[in-house]
Structures are given as structure tokens and as C-alpha cells.
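Enquirer: Starting off with a structure, shown below.
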Amino acid sequence: MNSWNSVVFLKTKNAWSDSASIAKMSGVQSLWSTSGDWDWCIKLDPKHSTPEETAAFVKNLRNADWVAETKTSWWKEVAVK
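With the first letter of the sequence shown counted as 1, position 2 gets the number 2 in our numbering; the numbers rise by one all the way through.
Listed below in C-alpha cells is the structure:
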């Protein structure tokens with residue numbers, strides 16, 4: 001075990017449903033729409049889930065003109081004895 005996991009919550013600037021462009025981004029393992037404050041939740045693949053790789057992914061994502069806001073959570077699984 002000892003693996004990192006990351007999710008990025010995403011709010012878009014306008015009504016937007018082009019999930020295919022998010023799904024094609026390098027590092028995206030899965031994607032789902034959400035209700036409430038966030039439009040999308042992005043689960044990153046293991047390679048992009050370290051804090052450093054997640055930060056780079058989010059920086060790139062925030063450069064898109066349709067992104068209003070992001071929130072990131074990551075956690076590390078550890079073996080239980």
C-alpha cells in the first residue's frame with residue numbers, strides 16, 4: 001500500500017457540459033458530475049496523485065478560461081498492521 005490518491009473538485013464559469021475534454025486530460029482516472037457547489041469531481045490516476053503532481057495538474061487546469069474555481073483533496077493509504 002502506501003499510495004497517494006487525489007480528487008479535484010471543479011466549478012466552471014458558465015453552464016458547461018464538455019466532459020470529454022476533461023476526461024482526455026493527462027492524469028484523469030475518472031470523472032463525475034456533482035450537485036451542490038461543484039460541477040465536476042476529477043479522480044487522478046496514481047501517477048498524478050502525489051501532492052506535487054496534483055499541484056501541477058491543478059495549475060494547468062486553472063489556466064483554462066472556463067475554470068472558475070478548484071478545490072483539491074489528497075490522502076495517502078497506509079498499511080494497517
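Yeah, the Cβ is synthetic: ideal placement off N, Cα and C, and Gly gets one too.
#1: Measuring CA to CA, which of L10, E53, A15 is closest to A23?
#2: Could you tell me the distance, in whole angstroms, from the CA atom of V67 to the CA atom of N2?
#3: Can you grab the Cα-Cα spacing for the pair K43 / P51, in whole Å?
#4: Just verifying my parser: in three-state terms, what is the DSSP assignment at S73?
#5: Tell me the DSSP secondary structure of S19 in three-state form.
Expert: Result, derived from the coordinates:
#1: L10
#2: 32 Å
#3: 13 Å
#4: strand
#5: helix
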